[in-house]
Amino acid sequence: MKDIYVLGIESSCDETAAAVVKNGRECLSNVIASQIEIHRRFGGVVPEIAGRNHLLAVMPVIDEALTKAGITKEQLSAVAVTYGAGLIGCLLVGVSAAKALSYAIEKPLIKVNHIEGHIAANFIAFPDLEPPFLSLVASGGHTSIVAVNGYTEYVPIGATTDDAIGEAFDKVARILGLPYPGGPEIDKRAKLGQATIRFCPNLRARSDLAYSFSGLKTAVVNYVHNLTQRGEEIPVNDICASFTAEAVGYLTDTFVIAAKERGVKKAVLAGGVAANSYLRAHLSEALKREGITLCVPPPVLCTDNAAMIAARGYYSFAEGKDVADLTLNAVSNL
Ligand code: KG4
Ligand code: ZN
Numbered sequence: 001m002k003d004i005y006v007l008g009i010e011s012s013c014d015e016t017a018a019a020v021v022k023n024g025r026e027c028l029s030n031v032i033a034s035q036i037e038i039h040r041r042f043g044g045v046v047p048e049i050a051g052r053n054h055l056l057a058v059m060p061v062i063d064e065a066l067t068k069a070g071i072t073k074e075q076l077s078a079v080a081v082t083y084g085a086g087l088i089g090c091l092l093v094g095v096s097a098a099k100a101l102s103y104a105i106e107k108p109l110i111k112v113n114h115i116e117g118h119i120a121a122n123f124i125a126f127p128d129l130e131p132p133f134l135s136l137v138a139s140g141g142h143t144s145i146v147a148v149n150g151y152t153e154y155v156p157i158g159a160t161t162d163d164a165i166g167e168a169f170d171k172v173a174r175i176l177g178l179p180y181p182g183g184p185e186i187d188k189r190a191k192l193g194q195a196t197i198r199f200c201p202n203l204r205a206r207s208d209l210a211y212s213f214s215g216l217k218t219a220v221v222n223y224v225h226n227l228t229q230r231g232e233e234i235p236v237n238d239i240c241a242s243f244t245a246e247a248v249g250y251l252t253d254t255f256v257i258a259a260k261e262r263g264v265k266k267a268v269l270a271g272g273v274a275a276n277s278y279l280r281a282h283l284s285e286a287l288k289r290e291g292i293t294l295c296v297p298p299p300v301l302c303t304d305n306a307a308m309i310a311a312r313g314y315y316s317f318a319e320g321k322d323v324a325d326l327t328l329n330a331v332s333n334l
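Sequence positions in the sequence shown follow the working numbering and run 1 to 334.
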């Protein structure tokens, strides 16, 4: 069978990324130009600045991905691009570059949903993984449980009703004076502290599989404000450990209910927060007790990257689905 080479392009938030993936599974290159340093002084992503920087980075990143993969543009089978969800001005840069390239080389343009891309990172990390399986998507913009019934069949069965888990991590880090992005900082600090504080004693998994993180986030913010007002020292490491334990416990309990209800034997973790060391260990253990295997991709495939977009795009290409034309537009709230 002829080998299929898909170029993936990702620009939904603050990473400009391009990657070449062979046959949906083998990552030949995975180039990421991160804007973290640029946005750090603002304490979060500034959409306008992010869009402009994507514009500067997108073509060099694509060229580098092709060079590293040892593939010419003409050898590509298709171009896959994130068209949503994300910041509109950022998405548009990737979508425009992908349209231009696909038109120039006369190869199909495949539109990819960012969340499905995160899940598809597991196809690269685990070459033998096949649907059906259940996934927990925990990122800066989304928190959801998605049933993957086929390579192109993604069915959301539960989601957050307010904040995403990554948003909660970033907000808690900010109130503690830790740099952006907060998730990795909290991960490091949590290892140095004790989980002795209970912020939301009533936070329990719901049978409708919906999440809510705003109450937990606000409880931490109020806790820190109270200590500050009283002039007391802020136990940063203990707050990080306690918040992580509570958030991860809650994420895990709901997901375990979903997995048991559906009788699944395989599960995958996806999204930037899947890089969290405590979540990786805790969820694996909890699922193992139920006889369910959890796939956890390496951290570089958890946070935003384009290899995951190419992998997801490959399966649409193989099934002749999600083929877009030059009228493709970015959709921020996909
Ligand atoms: O998936 P992602 O790269 O971008 C979105 O699609 O949103 O996720 C970014 C989020 C940020 O909120 C960041 O703080 C969080 O992932 N994150 C982590 C860790 N690494 C990244 N959260 C907790 N622990 C980590 N180690
Ligand atoms: Zn993402």
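We put the beta carbon where it would ideally sit given N, CA and C, even for glycine.
| Asked | Found |
| --- | --- |
| Assigned exposure category for Phe-42 - 16 Cβ within 10 Å defines buried | exposed |
| Distance CB(Val-81)-CB(Thr-16) smaller than 7 Å | no |
| Distance cut-off 6 Å: Ser-29 Cβ against heavy atoms of ligand 1 | no |
| Alpha-carbon to alpha-carbon, His-118 and Asp-304 | 8 Å |
| Which listed residue (Gly-182, Asn-113, Tyr-250, Lys-188) has its alpha carbon closest to that of Gly-215 | Tyr-250 |
| Assigned secondary structure, Phe-317 (DSSP; H/G/I helix, E/B strand, else coil) | helix |
| Simplified DSSP assignment, three categories, for Ala-17 | strand |
| Val-6 beta carbon less than 7 Å from that of Ala-335 | Residue 335 lies beyond the range of the chain shown here (1 to 334); nothing can be said about it. |
| Reduced DSSP secondary structure (H/G/I, E/B, other) of Pro-156 | strand |
| Identity of the residue in Glu-246, Ala-286, Val-273, His-282 nearest Lys-265 by Cα | Ala-286 |
| Cβ-based neighbour list, Lys-68, same chain, cut-off 6 Å, excluding 5 preceding and 5 following | Ser-29 |
| Local conformation of Leu-28 per DSSP, three classes | strand |
| Rounded distance between the beta-carbons of Phe-213 and Ile-165, thought under 8 Å | 6 Å |
| Arg-189 burial status per 10 Å Cβ neighbour count (16 or more: buried) | buried |
| Identity of the residue in Gly-89, Gly-177, Gln-229, Leu-301 nearest Phe-126 by Cα | Leu-301 |
| Where Ser-144 falls, given that 16 or more other Cβ within 10 Å makes a residue buried | buried |
| Lys-111 and Ala-307 closer than 7 Å at C-beta | no |
| Alpha helix (DSSP H) segment containing Ala-120, residue limits | 114-125 |
| Test item: CB-CB of Ala-168 and Ala-311 under 7 Å | no |
| Closest by C-alpha distance to Ala-148, when choosing among Leu-87, Gly-158, Cys-90, Val-21 | The question names Ala, but residue 148 is Val in the sequence shown. Nearest of Leu-87, Gly-158, Cys-90, Val-21 to Val-148, Cα basis: Gly-158. |
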